[in-house]
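Have a look at the structure below, then the notes.
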Amino acid sequence: MIDFVTLCDYIGTFAFAISGIRLASAKQFDWFGAYVVGFVTAVGGGTIRDVMLNSTPFWMEQPSYLFVSGLALLFVIIFRRYVIRLNNTIFIFDAIGLGLFVVVGIEKTLNFGFPMWVAICMGTITGSAGGMMRDIFINEEPLVFRKDIYALACVFGGVVYWICLRFGLAVTLTQLFCAIGVILMRVVAVKYHISVPVLKGES
Amino acid sequence: MIDFVTLCDYIGTFAFAISGIRLASAKQFDWFGAYVVGFVTAVGGGTIRDVMLNSTPFWMEQPSYLFVSGLALLFVIIFRRYVIRLNNTIFIFDAIGLGLFVVVGIEKTLNFGFPMWVAICMGTITGSAGGMMRDIFINEEPLVFRKDIYALACVFGGVVYWICLRFGLAVTLTQLFCAIGVILMRVVAVKYHISVPVLKGES
Amino acid sequence: MIDFVTLCDYIGTFAFAISGIRLASAKQFDWFGAYVVGFVTAVGGGTIRDVMLNSTPFWMEQPSYLFVSGLALLFVIIFRRYVIRLNNTIFIFDAIGLGLFVVVGIEKTLNFGFPMWVAICMGTITGSAGGMMRDIFINEEPLVFRKDIYALACVFGGVVYWICLRFGLAVTLTQLFCAIGVILMRVVAVKYHISVPVLKGES
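Have a look at this one:
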């Protein structure tokens, strides 16, 4: 049986892939293109993190991420008409995935011997760079920088992690609080339509 | 004298660079910008592969790729008016290059000790990520995901490689069949206007 | 006290970040998104260089680049109305940064044992890839390939470096002449509206 963390990892991958596949389908991508966009949305952030850490991209070590992205494609094809009704469920899956991805990114970076501020950067990249790559692929301005609080929720989770570490909490609790911090901030931001203020340009 | 494989490599680089330079010129890029787009189209896929394999990008080991891309720029500048008439020739060059790039990508990945499914991914990235980067640079939605069969032809070639390997064929034959698989699928797809079906979005 | 080179490095980072933040604000990015675009504009080129050299991205070794980008965001927020009047000063800062970034890129690449032509490529990437990434993020066609002489000024500086090295000049002088070459070419190109000719497309 797979453990709880692996389950959350698959759930997050599935939700991230679905967001990529849906946006690709809105742009008339073919099935294969939509699959690639879904896959990149799911693993892109972790891949950039791993390249910067000089480590082999995590998805090259086991084929499960390719499979889960394939399941996401099947899901969108089969349940196309009902997928909108599932928006709330997908949103929760996405938030859980985001929380976990941030924890994984911080963890791995600390294990490579980097200081906490680099780990927070890498946690944020792990969580939000995939969505950024998705928007670049489908030729839209990155949503993560313009709607609700997304990347900033990752930073917030990283700060929670840092504070917990400072107060000497156990690693498991620290990780849990970090993930909960990310998830809560996402849920609250979306529910109450809280956004980072837009930077006013020069007139 | 250069051997047959090197010749195919240069032909492919030349054809890939030309596709980048032509699309850049349609977007009013300057000469230098068009050169860069051409170069990135030609070497971008292999560069992403090498970065993921934790290897030095192949074009940094000898300047010939910079020269061949320069020749492609000269070619487009001088034969601008006649280049359209050469579309069929350029298409064949492009297909030959694609076939070779996929083989090179698979080969290198297997040499680094990765399993076959990673090699197929890397072969596909070697063949199609350059075209994807080209479309991102010129700010268009990636053509490789929307027209004819391109990235999928790379996957097909990878599967051919895998089957040949399973049946114990000699390496040279395996590589040849893989390249022929990619080229054939491209030619057939373009000649008979076969595409991967578009993923229908939610209405 | 910080030395002269470090000061130029911060000035360049500041100016590059400002160009990213201003363009992001014109696209209605939120504060955090504008900060990220500014940061990527400033460190993106050096990051791509370091990834290709198989080295840890330079900004992960000390947090000053994150701080300087933060200062640039504050600067744009506070002096929004007056920032246009400072265009000339920012341009000079940007040119100084460009000159330094090219020198740093060449230096590092040579130290890794690569030949001069790779160093010129890496110097050019260090100087201009950040601006390219900025334009991809804000979903515009890369300005560096279409306006004034930008990437080509980096190549020019690299050639100056190469010639000085050939004539046996001291390293410090070589670096100084390279930086001056980049800065002069930028200033002259902008002042006299010199551009690389546009590549005419097929009609």
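Chains as they are written, first to last, in the working numbering: chain A, 1 to 203; chain B, 1001 to 1203; chain C, 2001 to 2203.
Don't be surprised by glycine CBs; every beta carbon is placed ideally from N, CA and C.
B:Val1159 to B:Arg1166 span [Cα, whole Å] = 10 Å
Does the beta-carbon of A:Ile136 have 16 or more other beta-carbons within 10 angstroms, so that it is buried, or is it exposed?
-> buried
Report the rounded CA-to-CA distance for C:Ile2125 versus C:Phe2058, giving the unit in angstroms.
-> 14 Å
Check whether the segment 1090-1099 of chain B touches the segment 1166-1186 of chain B, taking contact to mean three or more Cβ pairs, one atom from each stretch, closer than 8 Å.
-> yes
Rounded straight-line distance, which links the Cα of B:Gly1105 to that of B:Asn1111 | 10 Å
Own chain residues within Cβ distance below 6 Å of B:Phe1014, not counting five before or after | Val1068, Ala1072
Below 6 Å CB to CB, which residues in the same chain sit around B:Pro1142 once its five sequence neighbours on both sides are set aside?
-> Met1132, Asp1135
Just tell me which of C:Gly2045, C:Ile2090, C:Phe2093, C:Phe2029 has its CA closest to the CA of C:Ser2128.
-> C:Gly2045
To the nearest angstrom, report how far apart B:Cys1154 and C:Ile2183 are at their CA atoms.
-> 44 Å
With DSSP collapsed to three states, give me the class of B:Asp1030.
-> strand
Nearest neighbour of C:Ile2092, chosen from C:Val2040, C:Ile2194, C:Phe2145, C:Ile2011 [CA to CA] | C:Ile2011
Could you please give the first and the last residue of the uninterrupted alpha helix (DSSP H) stretch that includes A:Thr126?
-> 116-137
Can you round the beta-carbon distance between B:Val1103 and B:Ser1025 to whole angstroms, since I take them to be within the 8 Å contact cut?
-> Between B:Ser1025 and B:Val1103 the Cβ distance is about 30 Å, and since that is not below 8 Å, they are no contact.
Using a Cβ-Cβ cut-off of less than 8 Å, give me the residues of the segment 2123-2141 of chain C that come near chain B, in sequence order.
-> Met2132, Ile2136, Asn2139, Glu2140, Glu2141
What residues match up with C:Val2198 in a beta bridge as DSSP calls it?
-> B:Asp1030
Extent of the continuous alpha helix (DSSP H) run through A:Phe156 = 151-166
At 7 Å on the CB atoms, spell out the chain A contacts of C:Trp2031, in chain order.
-> Val196, Pro197, Leu199
Sort A:Ser19, A:Leu173, A:Val51 by Cα distance to A:Thr41 and report the nearest one.
-> A:Ser19
Minimum Cβ-Cβ distance from A:Arg49 to chain B less than 8 Å = no
Compare the C-beta of B:Trp1059 against all C-beta atoms of chain A and say whether one is closer than 8 Å.
-> no
Mind checking the segment 12-37 of chain A against chain B and listing, in chain order, the residues whose C-beta falls within less than 8 Å of any C-beta there?
-> Ile21, Arg22, Ala24, Ser25, Ala26, Lys27, Gln28, Phe29, Asp30, Trp31, Phe32, Gly33, Ala34, Val36, Val37
Under a Cβ-count criterion, where at least 16 other Cβ atoms within 10 Å of its own Cβ denotes burial, should C:Tyr2065 be classed as buried or exposed?
-> buried
In this structure, does DSSP put A:Leu74 in helix, strand or coil?
-> helix
How big is the Cα-Cα spacing for A:Thr47 and B:Ile1021?
-> 29 Å
Identify whether C:Asp2148 lies in helix, strand or coil by the three-state DSSP scheme.
-> coil
Run of the alpha helix (DSSP H) containing B:Gln1175, from where it starts to where it stops | 1171-1191
Using a Cβ-Cβ distance under 8 Å, would B:Thr1056 count as near chain C?
-> yes
So what does DSSP say about A:Tyr10, is it helix, strand or coil?
-> helix
From the DSSP output, in three-state form, read off A:Ile84 for me.
-> coil
Going along the chain, which residues of its own chain have a beta-carbon closer than 7 Å to the beta-carbon of C:Met2185, five neighbours each way excluded?
-> Ile2149, Ala2153, Phe2156
Roughly how many angstroms separate the alpha carbons of C:Tyr2035 and A:Leu169, rounded to a whole number?
-> 31 Å
Cβ-based contacts, 8 Å cut-off: residues of the segment 2097-2119 of chain C near chain B | Phe2114, Trp2117, Val2118
Residue of C:Asp2009, C:Gln2062, C:Arg2081, C:Leu2086 minimising C-alpha distance to A:Val118 | C:Gln2062
Could you have a look at A:Leu53 and say whether DSSP puts it in helix, strand or coil?
-> coil
Output yes if chain A places a C-beta closer than 8 Å to the C-beta of B:Phe1145; else output no.
-> yes
Where B:Gly1097 falls: helix, strand or coil (DSSP) | helix
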